[in-house]
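Asker:
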Amino acid sequence: MANFDLESQRAFYASIIVGSLVFGAQICLYVQSFIYLMKTGDKKRRNFYIVFGAILVLLTAIGGGTNIQLGQFMWIQYPDYPGGAPAYFADHSSDWYEVWGTGCDAFANIMADGLLLYRCYIIYSSNIWIVAFPLLVLLASTAMVIITIVQSAIPESTLFFGLPVNFAIAWISLTVGFNVIVTSLICYRLLSFNIASRKTLPPELANSYTSISAMMLESAAPFTVSGIVYVVTFAVESPSQQVFAGIWGVMVALSPQLIITRVAMGIAWNKDAVDRVTASLAFKADTSGVLSSSAASNDGRSQIIMGLTTKKSSEDMV
1 MANFDLESQR
11 AFYASIIVGS
21 LVFGAQICLY
31 VQSFIYLMKT
41 GDKKRRNFYI
51 VFGAILVLLT
61 AIGGGTNIQL
71 GQFMWIQYPD
81 YPGGAPAYFA
91 DHSSDWYEVW
101 GTGCDAFANI
111 MADGLLLYRC
121 YIIYSSNIWI
131 VAFPLLVLLA
141 STAMVIITIV
151 QSAIPESTLF
161 FGLPVNFAIA
171 WISLTVGFNV
181 IVTSLICYRL
191 LSFNIASRKT
201 LPPELANSYT
211 SISAMMLESA
221 APFTVSGIVY
231 VVTFAVESPS
241 QQVFAGIWGV
251 MVALSPQLII
261 TRVAMGIAWN
271 KDAVDRVTAS
281 LAFKADTSGV
291 LSSSAASNDG
301 RSQIIMGLTT
311 KKSSEDMV
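Position one of the sequence shown corresponds to residue 1 (the working numbering), numbered consecutively onward.
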């Protein structure tokens, strides 16, 4: 973005409002998941998700808070700054608190991508080869974001001005590319489950595990879509990138929190459920030439129901 004109300032202001609203939703989801998690018996996994969610809340609060602080300085505390708000933004976007905020957003992004990759690994029955390439992309994006943060700390350089722009485009492109790959893998897997188990899975379980909404939440599709829109607006230097930066920044934490909430409620896919469903579907296919279709369907149905309804046991929660 060549300058911070009036249109860009409006977009920045809108991003603060949208980010605050989504952050409120994140807080509500964290409290809800905390209540559910406290009812589980597996302390190790329970504590992991509680701490993981708390860190995401903290990082999002810092990231959003630094933008609010910048706006407060730019529009309220120093309204008569020489050159106005555009000059203040250009001169102070690399201040320590802004760099700190960018770092918090980046770390939250790495955490979210790591959780999404782990979910993909679980849904694909712990197949390391499925996640090998996405893992390499994640490592590359992590290296690039570190370079971006270091470069953005240089005076008069931000994610929107100077050399850091090139590194930022590479980082955002890599992390969004990672999200597209993993989201597509998860959606394909769950869609396959949906098609294969359509005649065996009870409607009440199908709605929880293989519905469109379940696929969207399990695959963090909202996060991926917001990232795609952001990287496009960022690359073309549109003023609206400020709005989508704010949306993407809070979706970084909201999407994994949605997954954690599903885990806490016992309606997220885990290793045991995936193994049982794939085994029962394979059994149905193998016995289709020996058993009647009705018998095979009933056996597959019972296997799937057992796999999904026992997910809430503490030792199976992932």
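Beta carbons: idealized from backbone N, C-alpha and C, even for Gly.
Enumerate, from N- to C-terminal direction, the unbroken beta strand (DSSP E) stretches of 3 or more residues contained entirely within the region 54 to 133.
Answerer: Runs of the beta strand (DSSP E) inside the region 54 to 133: none found.
Asker: Helix or strand or just coil, what does DSSP make of I260?
Answerer: One-based indexing of the sequence shown puts residue 260 at position 260. In the structure shown, I260 sits in a helix (DSSP, three-state: H, G or I).
Asker: Can you tell me whether S213 is buried or exposed, with buried defined as 16 or more other CB within 10 angstroms of its CB?
Answerer: On the sequence shown, position 213 is the one that residue 213 refers to. Exposed, by the Cβ-count rule.
Asker: For I267, which of helix, strand or coil comes out of DSSP?
Answerer: Counting from 1 along the sequence shown, the entry for residue 267 is found at position 267. Note: I267 maps to coil in three-state DSSP.
Asker: Leaving out the 5 sequence neighbours to the left and right, which residues in its chain are closer than 8 angstroms to G19 when beta-carbon positions are compared?
Answerer: Within the sequence shown, residue 19 is the residue found at index 19, counting from 1. Counting only Cβ-Cβ distances below 8 angstroms, and skipping sequence neighbours, we find G64, N67, G246, I247, G249 and V250.
Asker: Does the beta-carbon of I62, which I'm using as the reference point, lie nearer than 6 angstroms to any heavy atom of the ligand MG?
Answerer: Among the components of this structure there are no ligands whatsoever, and the ligand MG is therefore not found.
Asker: Going by the beta-carbon positions, is the gap between L59 and C104 smaller than 7 angstroms?
Answerer: Here the question's residue 59 lines up with position 59 in the sequence shown. Here the question's residue 104 lines up with position 104 in the sequence shown. Yes.
Asker: Helix, strand or coil for A153 per DSSP?
Answerer: Looking up residue 153 in the sequence shown gives position 153. Coil, per DSSP.
Asker: Counting C-beta neighbours from all protein chains within 10 Å, is the total for V22 16 or more, i.e. buried, or is it exposed?
Answerer: Indexing the sequence shown from 1 puts residue 22 at position 22. Its Cβ being crowded by 16 or more others within 10 Å, V22 is buried.
Asker: Give the range of the alpha helix (DSSP H) segment to which A221 is assigned.
Answerer: Residue 221 sits at position 221 when you count from the first residue of the sequence shown. Start and end: A221 to A235.
Asker: Can you name the start and end residues of the alpha helix (DSSP H) that G19 belongs to?
Answerer: Here residue 19 corresponds to residue number 19 of the sequence shown, with the count starting at 1. That run of the alpha helix (DSSP H) goes L6 to L37.
Asker: Roughly how many whole angstroms lie between the Cα atoms of R119 and P79?
Answerer: For this step, residue 119 is matched to residue 119 along the sequence shown. For this step, residue 79 is matched to residue 79 along the sequence shown. Answer to the nearest angstrom: the Cα atoms are 47 angstroms apart.
Asker: Give me the Cα-Cα distance between I76 and G177, rounded to the nearest whole angstrom.
Answerer: Walking along the sequence shown from the start, residue 76 turns up at place 76. Walking along the sequence shown from the start, residue 177 turns up at place 177. Using only the alpha carbons, I get a separation of about 38 angstroms.
Asker: Taking V131 and L117 to be in contact with their CB atoms under 8 angstroms, please state how far apart those CB atoms are, rounded to whole angstroms.
Answerer: Here residue 131 corresponds to residue number 131 of the sequence shown, with the count starting at 1. Here residue 117 corresponds to residue number 117 of the sequence shown, with the count starting at 1. So it is a contact: roughly 6 angstroms between Cβ atoms.
Asker: Kindly indicate which residue of I169, W96 and I260 has the alpha-carbon position closest to the one of I380.
Answerer: Lying outside 1 to 318, the shown extent of the chain, residue 380 is not represented and no answer is given.
Asker: Can you have a look at P82 and say buried or exposed, based on whether 16 or more other CB atoms are within 10 angstroms of its CB?
Answerer: Here residue 82 corresponds to residue number 82 of the sequence shown, with the count starting at 1. Answer is exposed; the Cβ neighbour count stays below 16.
Asker: For M74, which of V182, D91 and A61 has the nearest alpha-carbon?
Answerer: Here the question's residue 74 lines up with position 74 in the sequence shown. M74 has its Cα closest to that of D91, out of V182, D91 and A61.
Asker: Report yes if the C-beta distance between I260 and Y13 is below 7 angstroms; otherwise report no.
Answerer: By one-based count along the sequence shown, residue 260 stands at place 260. By one-based count along the sequence shown, residue 13 stands at place 13. In this structure, Y13 does not lie closer than 7 angstroms to I260 by Cβ.
Asker: Buried or exposed, going by whether 16 or more other CB atoms sit within 10 Å of the CB of Q72?
Answerer: Looking up residue 72 in the sequence shown gives position 72. Counting Cβ neighbours within 10 Å, Q72 comes out exposed, since fewer than 16 surround it.
Asker: Are there 16 or more other CB atoms within 10 angstroms of the CB of A108, so buried, or fewer, so exposed?
Answerer: Mapped onto the sequence shown, residue 108 falls at position 108. Burial call: buried.
Asker: Are there 16 or more other CB atoms within 10 angstroms of the CB of S192, so buried, or fewer, so exposed?
Answerer: The residue labelled residue 192 in the question sits at position 192 within the sequence shown. Exposed.
Asker: List the whole-angstrom C-beta distance separating A220 from S255, where the pair is believed to meet the contact cut-off of C-beta under 8 angstroms.
Answerer: On the sequence shown, residue 220 is found 220 positions in, with the first residue counted as 1. On the sequence shown, residue 255 is found 255 positions in, with the first residue counted as 1. Right, the Cβ-Cβ distance comes to about 4 angstroms (below 8 angstroms), so this counts as a contact.
Asker: Leaving out the 5 sequence neighbours to the left and right, which residues in its chain are closer than 6 angstroms to R46 when beta-carbon positions are compared?
Answerer: What you label residue 46 is simply residue 46 of the sequence shown in a count that begins at 1. Hits under 6 angstroms: L37 and T40.
Asker: Taking A319 as the reference, give the member of A264, V236 and P222 with the closest Cα.
Answerer: The structure shown has nothing for residue 319, since the chain only spans 1 to 318.
Asker: What's the call for V263, buried or exposed, on a 16-neighbour Cβ count within 10 Å?
Answerer: On the sequence shown, residue 263 is found 263 positions in, with the first residue counted as 1. Answer is buried; the Cβ neighbour count reaches 16.
Asker: Residues in the same chain with beta-carbon distance under 7 angstroms from M215, minus the five sequence neighbours each way, listed in chain order, please.
Answerer: Against the sequence shown, residue 215 aligns to sequence position 215. So the qualifying residues of the chain are C187, L190 and L191.
Asker: Here's a check: name, in chain order, each residue in its chain whose Cβ is nearer than 7 angstroms to the Cβ of F167, leaving out the five neighbours to either side.
Answerer: If you number the sequence shown from 1, residue 167 lands on position 167. Taken in chain order, the residues that qualify are M144, I147, T148 and Q151.
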